[in-house]
Amino acid sequence: MTVHTTAIQTPVQHTLWDAPKKASVLVVELLAGLNPLVVNRLREMGLEPGQQLLSLGRGPFNGPLVVQIQDCVYTLERQVAQHILIQPQL
Amino acid sequence: MKKIVLVGKPNSGKSLLFNQLTGLRQKVANYPGVTVELKSGRFEQFELIDYPGAYSLSSLSRDEEIAVSKLNDALQDPNTALVICNLDATRLESSLMFGLQVQALARRQQKAVVFALNMADELQRFGHQLDTVALSAALGSPVFAISAKTLLGIHEFRQGVLALASAAEPAVPAFDHGDEQALRDLSRSLSRQYGIQASLVLKNQNRIDAFMLNNLSGGLAFLAVMFLLFQSIFTLAAPLMDAVEAGIGALAQFVTGFIGAGTTTDFLNDAIFGGVGSFLVFVPQIMMLTLIIGLLEDSGYLARAALICHRPLSFFGLSGRSFIPYLSGHACAIPAIMAARTIESPRKRLITMMTIPLMACSARLPVYALLISVLIPERAYLGGLVNLQGVAFFGLYMMGIVIALLVSLMLSRFVISRDEKSDMPFILELPNYRLPHWKPLIVRVISAAKSFVYRSGPVIFAVTVLIWLFGYFPHDAGGLEHSYLGQIGHFIEPVFAPLGLDWRYGVAILMSFLAREVFVGALGTLFGIDGADENIAGLAANIQADGLALGAGVGLLLFYVVALQCVATVATIRAETGSNRIAIGLVVGYGLLAYALAYLAANLL
């Protein structure tokens, strides 16, 4: 039996919150909806389109995301991480 | 005196550099309601001012806003001769952006800037050579690679700073690097060119975090650290507290020995040495707690602890960083409220401070011990493993925590508004694990003790004297019962009657608004037991013989779980929030809730 895959690929949008542990990803876009002050801070932290990030996994008990940006490690809570669109780095 | 301004990001070794340049003598200026602290000290002929660590010059919270505006003021001040910008040499990529922002700001005000790339000893360990000459040519301001910890390059840095600060013409940054985007691009390219590889620096940190932030090992490590913290608050501070108590006692005897019996001696003994002394007793605990929290923070663990607690606590409108203050609150609410300064969001900080007084602090212990031995029979189950009185104790502790979480939930949902500047998201940098240096820790411990005494002392003094006067006069009438306080007790007896309590409990409750543990001593006086603090069993027997209904007794316990009866705590909340309304509102709010619970217990049980 053959399995037919659908021909039309729906674009799946991955956010940083969904990034698997130890995955290296690229920032695609910061989605609208965050406080502009927070967006500014994220940009200063290096969270800009094209920036490479390393996801270090969630904190204990499904806590905030731990992520390496440039030469620093930060934690981002869900509401922030879900506003960061990423694509896996190949 | 000409000033030198020191700025830098958190966790970049700035406090240690400040201490190395100025020595241990320094002044701290606080701003009410926010955690902004400006430290200043002497560096040769200059005044060196340490500004709070900031991640950026575009502020996110009110604390940051005030810190940045203070910095702006300093840059406009004609007496400011130089700005030292302290950065982490191992993390150029994330710190140069801040450095460039500071430089641009200083350039607009025609001020000289010097960069201190701190923690260069760690670069050396990795065999990385930082080309400071080329970097300073690119930045347009002098750059020094130093280590405040190992004193690497400090001598040259001191000379450089002195020369720059004394120069007739300020060494204003040579170039305008452009707008924010240009600064970001420049900081990236410079760090690629001169910085050390991130993976090298972060290798160790990420390896330790794999253990510390793992569900199982991380959870166990967390419990172990917290257990040690809790233990040391009680055990390490206890001998120091005893020493303070003994010292005050000896001083009291010495002073009153000269005066002889009379009103003056009674006043000195009970109001001054007794009342004010009982608040000085908390100083060792505050110092111990500050030391331990400082150790946790400087070693890098505090950020991890906050991360671990964040999710469960955020459900109740609290931050991960609320955990340490809550835990400390079981020893004493005062240092706990001061420890809430580390909470990133002012809104969550406020909620945390408002609910800390519900933690079963050590002053409640004697009250709980007395009432439990009156109400609960001493009975053991499971071969002595479970003790009924012990269970009651545990229940009271848990009740404090549960009520605090519920109140937090309510405050965060319905009472405290969310405006942009007060609800900062939980973005936390996980700093490298480091061995803490003793110098900044000592300074911190001393300044915590000082700020407690100076800020809370006057209020406590005033209230102590007032309550003493009411309890003492008219003096020839015959004891507490006929004093003004006793008369007030009789007068307000109708207030306590619905709780099943007579005027004696009313007086004891009133007096314990000074400090909860006063309840036991006051009740002792009224039930004719001298030294009730040491003879709780005797007092309990007297109260049992006198007859205290179960409902009224349980109600009284609930009252003590909830009511905010501690002048020192109220004074600290007032100082930390800068608001009388919050401080008084809490006393009234918790008082009403306590009364309602006690009423229910007295009438339903």
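First to last, the sequence lines map onto chains A and B.
Under numbering that gives the first Met the number 0, think of the first position of the first sequence as 0, with each following residue one higher.
Under numbering that gives the first Met the number 0, think of the first position of the second sequence as 0, with each following residue one higher.
All C-beta atoms, glycine included, are put in the ideal place defined by N, C-alpha and C.
Note that this is a predicted model, so its numbers are computed, not measured.
Worksheet item: Can a CB atom of chain B be found closer than 8 Å to the CB of Pro-63 of chain A?
Response: Chain B, which has a Cβ nearer than 8 Å to the Cβ of Pro-63 of chain A, makes this yes.
Fill in: Neighbour flag for Leu-52 of chain A against chain B, beta carbons, 8 Å
No Cβ of chain B is located within less than 8 Å of the beta carbon of Leu-52 of chain A.
Discussion item. Does the beta-carbon of Tyr-453 of chain B, which I'm using as the reference point, lie nearer than 7 Å to any heavy atom of the ligand NAP?
Written reply: What this structure holds is no ligand at all, so the ligand NAP is not there to describe.
Worksheet item: With a CB to CB cut of under 6 Å and the five nearest residues on each side skipped, what residues in its chain are close to Ala-332 of chain B?
Response: So the qualifying residues of the chain are Ile-355, Pro-356, Cys-360, Thr-568.
Worksheet entry | Host alpha helix (DSSP H) of Leu-185 of chain B (start-end) | Taken as a continuous stretch (DSSP letters only), the alpha helix (DSSP H) holding Leu-185 of chain B covers 179-193.
Discussion item. With distance defined between alpha-carbon atoms, name the residue in B:Gly-588, B:Gln-108, B:Gly-52 nearest to Ala-73 of chain B.
Written reply: Nearest option by C-alpha distance: B:Gln-108.
Fill in: Reference Ile-572 of chain B; option with closest CA among B:Thr-262, B:Ala-335, B:Gly-52
Closest in alpha carbon position to Ile-572 of chain B, among B:Thr-262, B:Ala-335, B:Gly-52, is B:Ala-335.
Worksheet item: Under a CB-based cut-off of 8 Å, is Glu-76 of chain A close to chain B?
Response: Interface residue, yes.
Discussion item. Which residue wins for smallest C-alpha separation from Ala-550 of chain B, given the options B:Glu-575, B:Ala-562, B:Leu-500?
Written reply: Note that residue 550 of chain B is Gly in the sequence shown here, rather than Ala. When each option's Cα is compared against that of Gly-550 of chain B, the closest is B:Leu-500.
Discussion item. Does chain B have any CB closer than 8 Å to the CB of Gln-67 of chain A?
Written reply: Yes, its Cβ sits closer than 8 Å to a Cβ of chain B.
Fill in: Neighbour-count burial assignment, Val-79 of chain A, 16 or more Cβ in a 10 Å radius
Val-79 of chain A comes out buried.
Fill in: Interface residues of chain A facing His-127 of chain B [CB-CB closer than 9 Å]
The premise fails here: His-127 of chain B is roughly 12 Å from chain A at the closest Cβ pair, so nothing lies under 9 Å.
Fill in: Simplified DSSP state of Phe-42 of chain B, which is helix, strand or coil
Note: Phe-42 of chain B maps to strand in three-state DSSP.
Discussion item. For Gln-69 of chain A and Leu-25 of chain A, which I take to be in contact (beta-carbon distance under 8 Å), what is that distance rounded to the nearest angstrom?
Written reply: Contact between Gln-69 of chain A and Leu-25 of chain A fails: their C-beta atoms lie close to 13 Å from each other, not under 8 Å.
Discussion item. Helix, strand or coil for Asn-85 of chain B? Go by DSSP, reduced to three states.
Written reply: In the structure shown, Asn-85 of chain B adopts extended strand secondary structure according to DSSP, grouped into three states.
Practice prompt. Would you kindly work out how many angstroms separate the C-alpha atoms of Val-452 of chain B and Leu-37 of chain B, rounded to a whole number?
Written response: Val-452 of chain B and Leu-37 of chain B have their C-alpha atoms spaced approximately 19 Å apart.
Worksheet item: Relative to the C-alpha of Ala-270 of chain B, which residue among B:Lys-2, B:Ser-55, B:Glu-492, B:Phe-469 is closest?
Response: With distances taken between Cα atoms, Ala-270 of chain B lies closest to B:Phe-469.
Worksheet item: For Val-37 of chain A and chain B, any beta-carbon pair shorter than 8 Å?
Response: Closer than 8 Å: yes.
Worksheet item: Going by beta carbon distance, what residues of the same chain come within less than 7 Å of Gly-7 of chain B, once the five residues before and after it are set aside?
Response: Contacts found: Lys-13, Gly-52, Cys-84, Asn-85, Leu-86.
Discussion item. In whole angstroms, give me the CA-to-CA distance for Leu-64 of chain A and Ser-54 of chain A.
Written reply: Whole-angstrom Cα-Cα distance: 8 Å.
Discussion item. Considering only the alpha carbon of each residue, which of B:Gly-478, B:Ala-362, B:Val-442, B:Gln-284 lies closest to Val-519 of chain B?
Written reply: Out of B:Gly-478, B:Ala-362, B:Val-442, B:Gln-284, the CA that lies nearest to the CA of Val-519 of chain B is found in B:Ala-362.
Worksheet item: For Val-26 of chain A, which residues in chain B fall below 9 Å Cβ to Cβ?
Response: Under a criterion of Cβ atoms nearer than 9 Å, no residue of chain B is adjacent to Val-26 of chain A; the nearest Cβ is some 14 Å distant.
Worksheet item: How would you label Arg-580 of chain B, buried or exposed, when you count the other beta carbons within 10 angstroms and need 16 or more for buried?
Response: Exposed is the call here.
Discussion item. Tell me the DSSP secondary structure of Val-160 of chain B in three-state form.
Written reply: Per DSSP, reduced to three states, the secondary structure at Val-160 of chain B is helical.
Worksheet item: Near Ile-258 of chain B, what residues of its chain come up, given a Cβ to Cβ distance below 6 Å and the 5 sequence neighbours on each side ignored?
Response: Result list for Ile-258 of chain B: Thr-264, in chain order.
Discussion item. Cutting at 8 Å between CB atoms, please list the residues of its own chain near Met-0 of chain A, excluding the five before and the five after it.
Written reply: The predicted model places Met-0 of chain A with a pLDDT of 49, which falls under 50 and marks its position as unreliable, so this point remains unresolved.
Item to complete: Decide if Asp-241 of chain B is buried, meaning its Cβ has at least 16 other Cβ atoms within 10 Å, or exposed.
Response: Burial check for Asp-241 of chain B: the Cβ neighbour count within 10 Å stays below 16, so the residue is exposed.
Practice prompt. Identify the contact partners of Ile-307 of chain B in chain A, using a Cβ-Cβ distance below 9 Å as the criterion.
Written response: Here the neighbours are Gly-58, Pro-59, Phe-60, Gly-62.
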